[in-house]
Amino acid sequence: MLELEHGFRVVDVCTRLPPDGEDAFRGRVITPERLEREMHQAGITRAVVFPPARPETSYVASNNGVARHSVDRPFVAVARINGTQKPGTTTAGRLRNAVSNREPYHTTPEDIEKYAYDDRFHGFVFDPTVDDFPDEDVLAVLEDVDLPVIVRGGTDAPPEALATTVLERSFPTVVSHFGGYPLDRELMHEMIDLLEEYDDCYLETSFVRYREVLERALLEHPDRVLFGSGAPACHPDVAVMEILTLDVSEDKLWRAFSKNACRVMEALSPETSS
Numbered sequence: 001m002l003e004l005e006h007g008f009r010v011v012d013v014c015t016r017l018p019p020d021g022e023d024a025f026r027g028r029v030i031t032p033e034r035l036e037r038e039m040h041q042a043g044i045t046r047a048v049v050f051p052p053a054r055p056e057t058s059y060v061a062s063n064n065g066v067a068r069h070s071v072d073r074p075f076v077a078v079a080r081i082n083g084t085q086k087p088g089t090t091t092a093g094r095l096r097n098a099v100s101n102r103e104p105y106h107t108t109p110e111d112i113e114k115y116a117y118d119d120r121f122h123g124f125v126f127d128p129t130v131d132d133f134p135d136e137d138v139l140a141v142l143e144d145v146d147l148p149v150i151v152r153g154g155t156d157a158p159p160e161a162l163a164t165t166v167l168e169r170s171f172p173t174v175v176s177h178f179g180g181y182p183l184d185r186e187l188m189h190e191m192i193d194l195l196e197e198y199d200d201c202y203l204e205t206s207f208v209r210y211r212e213v214l215e216r217a218l219l220e221h222p223d224r225v226l227f228g229s230g231a232p233a234c235h236p237d238v239a240v241m242e243i244l245t246l247d248v249s250e251d252k253l254w255r256a257f258s259k260n261a262c263r264v265m266e267a268l269s270p271e272t273s274s
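Going by the UniProt record's numbering, the residue at position 248 of the sequence shown is 248; the numbering climbs one at a time, nothing skipped.
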């Protein structure tokens, strides 16, 4: 794709980076160099990166790999974590969660503290459909360290489930895909509604293909929308263009592209850019 030309400083809060630096994703090879090149083409100055979700896997090595590949690149590493609590609010689900035990590959409270005080990492991420939800002990430590947490929202982890598990916590929570992956417009609107109730909740734009949904969020909650490309599944050029073509003011575009994210995650600010 051609290099985009626009006058905005853009930071990206949703980018997967394979931990070994080279991995096949739907038939494509993704390297840190290629990812950095695509970000540059789209005019993205900084990108939050994390390893892909993998079931029943310890993420220690993957997180360290992402942090290593972020050195001397415009990448900001966040640590992927997992847990023992399944999404869902049924009685059977609550009973199952109550008796779930942590396996050796699960993230522990001690792991959270190590990541939080390791200056290579600037937050956390998990996908409830693969990683499950952290248990109470891990959530308590996440509140203590008070770093932003990115959580995938969608049909298998709807707004109701997110509200009862993470949104009531004191740490900033960034809900990916407006909480409606894949393309569930109703869930996206439900997630926007919840912004009225949860002051530390933010929505991230990757794979949100509905203009009226994006415009509604930016018009009603301009300080709570963060740009995310969803790279490498989506080319960042495409994601940037989707925001540039919205019918909102330039100020709201600035907020979505960089100002809001820099407020949530200090490492994305121009002062900390390498």
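Where is the CB? At the ideal position from N, CA and C, for every residue including glycine.
task = Report the option in 241, 139, 87 whose CA atom is closest to the CA atom of residue 206.
result = 241
ask   = On the premise that residue 81 lies in contact with residue 127, defined as a C-beta separation below 8 Å, what is that separation, rounded to the nearest angstrom?
value = Not really, about 10 Å apart at Cβ, beyond 8 Å.
query = Quick one: is residue 255 buried, meaning 16 or more other Cβ sit within 10 Å of its Cβ, or exposed?
reply = buried
task = Can you say whether residue 209 is buried or exposed, counting buried as having 16 or more other CB atoms within 10 angstroms of its CB?
result = exposed
Nearest-angstrom Cβ-Cβ length linking residue 15 and residue 231, presumed shorter than 8 Å = 5 Å
inquiry  = Quick check: what's the CA-CA separation for residue 78 versus residue 272?
reply    = 16 Å
request  = Look up residue 262 in the DSSP assignment and say whether it is helix, strand or coil.
outcome  = helix
key: Simplified DSSP state of residue 164, which is helix, strand or coil   = helix
Residues of its chain near residue 165, where Cβ-Cβ distance is below 6 Å and the 5 sequence neighbours each way are ignored = 133
task = Within the same chain, show all residues whose beta-carbon is closer than 6 Å to that of residue 274, passing over the 5 residues directly before and after it, in chain order.
result = Low local confidence applies: a pLDDT of 49 at residue 274 is under 50, so the model's placement there is unreliable, with the coordinate-based value given in what follows. No residues qualify anywhere along the chain.
request  = Could you have a look at residue 203 and say whether DSSP puts it in helix, strand or coil?
outcome  = strand
Of the listed residues 19, 167, 174, 154, nearest to residue 276 (C-alpha basis) = Look at the range of the chain in this structure, 1 to 274, and you will see that residue 276 is not part of it.
inquiry  = Let me check one thing: in DSSP terms, what residues is residue 173 bridge-paired to?
reply    = 149, 201
task = Thinking residue 181 and residue 260 are a contact (beta carbons under 8 Å), I'd like their distance in whole angstroms, please.
result = Not really, about 20 Å apart at Cβ, beyond 8 Å.
key: Same chain, Cβ closer than 6 Å to residue 172, five either side skipped, listed in chain order   = 148, 200, 264
query = Distance, Cα to Cα, residue 1 vs residue 29?
reply = Its pLDDT being 48, under 50, residue 1 is placed unreliably by the model, and nothing is read from it.
task = Quick one: grab the DSSP three-state call for residue 248.
result = coil
ask   = How should residue 101 be labelled, buried or exposed, when 16 other C-beta atoms within 10 angstroms of its C-beta is the threshold for buried?
value = exposed
query = Who are residue 154's beta bridge partners in DSSP?
reply = 157, 181
Identified DSSP bridge partners for residue 44 = 10
message = If you measure between the beta carbons of residue 55 and residue 62, is that distance less than 8 Å?
response = no
query = Using the beta-carbon count (16 or more within 10 Å), is residue 13 buried or exposed?
reply = buried
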